[in-house]
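Here the protein sequences come in this chain order: A and B. The first sequence lines up with residues 276 to 517 when you count with my numbering. The second sequence lines up with residues 276 to 517 when you count with my numbering. C-beta atoms are modelled at their ideal positions from N, C-alpha and C, and glycine is treated no differently. What you are looking at is a predicted structure, and each value in this text was computed from that prediction instead of being measured.
2 protein chains.
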Amino acid sequence: MSLATDSADKPTLYKRIRADIEKRILTGEWPPGHRIPFEHELVARYGCSRMTVNKALSELAQADLIERRRRAGSFVRRPQHQSAVLKIADIRAEITALGRSYGYELIGRKLRAATTADRARLGIKKAGKVIAIACRHSADNVPFAVEDRLIDLSSVPSAATADFSREPPGSWLLHHVPWTEAEHTISAIVADDRTAEALDIAVGAPCLVIDRYTWRSARTITAVRLLYPGDSHRLVARFKGG
Amino acid sequence: MSLATDSADKPTLYKRIRADIEKRILTGEWPPGHRIPFEHELVARYGCSRMTVNKALSELAQADLIERRRRAGSFVRRPQHQSAVLKIADIRAEITALGRSYGYELIGRKLRAATTADRARLGIKKAGKVIAIACRHSADNVPFAVEDRLIDLSSVPSAATADFSREPPGSWLLHHVPWTEAEHTISAIVADDRTAEALDIAVGAPCLVIDRYTWRSARTITAVRLLYPGDSHRLVARFKGG
DNA sequence: TTGACTTATATGTCTAGACATATAATCGTA
DNA sequence: TACGATTATATGTCTAGACATATAAGTCAA
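As C-alpha cells, then:
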C-alpha cells in the first residue's frame, strides 16, 4: 500500500520512507510519544533491506523528530518549541541586501594593554594587548548602528595592523578568522546622550542591543556591542519543527 | 596512523572518522574549499568498508560542514556566519528553569468574529472566529512579561473551550498543537502608560518585544506579542560553525 | 513485594559487494 | 578554437547478511 504512493518521478526509497514518516508526524497522525513501526515492519512494508529504513530513521533521529530506544522502538518526539534560527548577518551585507547604500565611519581605535575591564569582557585571564574600536554603520546616510568592539590581539595578532578606517572590523574578522563559535545576547535600553547623538535619535528612544562574543576553540576573539534604533531595526528568527 | 588515535574507550568507527575530519576543519587545518580525502582513500586509511566512511561523510554533509560533489569529491564548506540558534522557551519553563516561582494572570479573553485587523495580523483571508487574549507572566511575583495573543479558531477550534484562566495560552497551545513553524521578530520600544503599569516599570523604560507568528503547514495558528522589561530580560543565542 | 538474574528483541554498527548517476576530463570534430 | 560526444570516476543508493549492545520484560528467589 505504501508502495502504491507511485508516481512517475522517484526520489530514492529511503527519502520516501523518511518523507512518509515525517508527514505523519507533521500532520499529527502520529502524535508525540507514538511508537512508529519497527524497522523490520518497515522493511516488510516497503520491501527493502533494513539498512535502507535504518538510514531513513537515523536521519529523522538526527533531526530530533524521533527518538530511538534500543529494545523499545522509535518514538515521535515532543516538539521542542524553543529554538529558532536567527540570522544575524554582517551589517554591511544586511544593508546592501536591503538595496540601501552602506556607509561606514571609524570613530575611534585604541591599541592598549588589556585592562581589568577588558579582560573581564573578553573572558581572558592572562595579560595581553587588545584593540578597542568604536564605529558607526549607516544606511543611505542614516545611522543604522553603532558598534563598540574589543579584539583580543593574542588571538588575532594580525588585527593590530589591519586598516579599520576603510573596512568594518566585523567584515575584516569575517574574512580573517575562519571558524568561530559565538553567543549573542539581545536586550533593550534607552538611548543615553552619547548614543542618541551617534544614532541621531532622541535621548530616551528605545535601542535594541546585541552583545556578541566570538571565540574559536575556547579562545575568545572579540566582544562587540551593537546598538540599533529599536523602532527601525528588527531581528527576524524563523524556526521549524515544533 | 589514524588508527593510532587509540585509547581505552571506543566510540564507533564512523564516529571517530567524523570527529577526525571535523577536528581538522574546525582547527583550520583543512580550510574552506579544501578537498577532503576521497572515500576510497579513507577506506584505505581506516581499513573499513566504504559504507562506514560514507556514513561519516554523509553526517558531515548533513551538518553543512562539507559539501559533496559527484565525481569531484568532498569539500570543506565556507562558514555561513549568519545564523544563530536562539532559544525561545515557553515562558513558564524559562522561569521555572531559573529556579523562580512562576505566576500567571489572565487579564482578558475575548471571542469574536475576526475583524479586518485580526485577519491582517493572522494573515488569513476568510472570515472566521478568533480569540484575543491578554495575560501577564510573573517570576517571584514580579511582572516578567505581558502577552497579547490572537488565536485563529478555524485552525484550533478546541481553543474556544480551553480554560485560559489557569493555563497560559502558550503552554496550552504547546500541548495541543503539535508541529509548527514560526517566525519571530525582535524589536525594542519604550513603555507607554499601559505597558508600564502592566510590567510595573517606569513609563519610558525600554522593553524588548517579541512578535511571534506560528503556523502549521501554511495555516496560521496564533500571533502573539510579548513585552519584557528590556533591562532585566535577555535573549541568548548561540551559534557554531563560522 | 522487592531485588537479582536471565532472556528476548530492537536498535547500532559494520561488511563486501552491486548498480545508478552526475559530472570533470578527455578526445574528436567542425 | 570551440563545441559536442565519450569516458572515467566519485558519490548516491541499496542489499543480505553479521555481530554487538542496551534494555524491556519475564523469571525466580529472598
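The closest CA to that of residue 362 of chain A, considering only B/458, B/476, B/468, B/490, is found on B/458. Chain B places no beta carbon closer than 7 Å to that of residue 292 of chain A, leaving this residue out of the contacts. The Cβ neighbour count for residue 508 of chain A, taken over all protein chains shown within 10 Å, is at least 16; the residue is labelled buried. Taking the Cα positions, residue 373 of chain B is about 18 Å away from residue 462 of chain A.
For residue 505 of chain A, there is no enclosing beta strand (DSSP E), since its DSSP letter is neither H nor E.
Look at the beta carbons and you see the region 415-423 of chain B not touching the region 389-400 of chain B: under three pairs across the two are nearer than 8 Å.
When Cβ-Cβ separations below 7 Å define contact, residue 458 of chain A makes contact with chain B. At a beta-carbon threshold of 8 Å, the residues of chain A lying near residue 479 of chain B are 465, 479, ordered along the chain. Contact with chain A is found for residue 461 of chain B, since one of that chain's Cβ atoms lies less than 7 Å from the residue's Cβ.
When Cβ-Cβ separations below 7 Å define contact, residue 363 of chain B makes contact with chain A. Rounded to whole angstroms, the separation of the alpha carbons of residue 503 of chain A and residue 490 of chain A is 23 Å. Under the 8 Å Cβ criterion, the region 342-356 of chain B does not count as touching the region 318-326 of chain B, having fewer than three qualifying pairs. Using a Cβ-Cβ cut-off of 7 Å, residue 511 of chain A counts as an interface residue toward chain B, since at least one Cβ of chain B sits closer than that to its own.
Each of B/408, B/359, B/305, B/394 was checked against the Cα of residue 429 of chain B, and the nearest Cα belongs to B/394. For residue 287 of chain B, the closest alpha carbon among the candidates B/404, B/309, B/330 is that of B/330. If you draw a straight line from the Cα of residue 352 of chain A to the Cα of residue 444 of chain A, it is about 42 Å long.
Beta-bridge partners of residue 407 of chain A (DSSP): A/385, A/425.
Under the 10 Å beta carbon count, residue 451 of chain A is surrounded by fewer than 16 other beta carbons and is classified as exposed. Taking a Cβ-Cβ cut-off of 7 Å, residue 419 of chain B has no neighbours in chain A, whose nearest Cβ is about 14 Å from it.
Residue A/425 holds the alpha-carbon nearest to the alpha-carbon of residue 410 of chain A among A/338, A/480, A/396, A/425. Bounds of any alpha helix (DSSP H) do not take in residue 309 of chain A, whose DSSP letter is neither H nor E.
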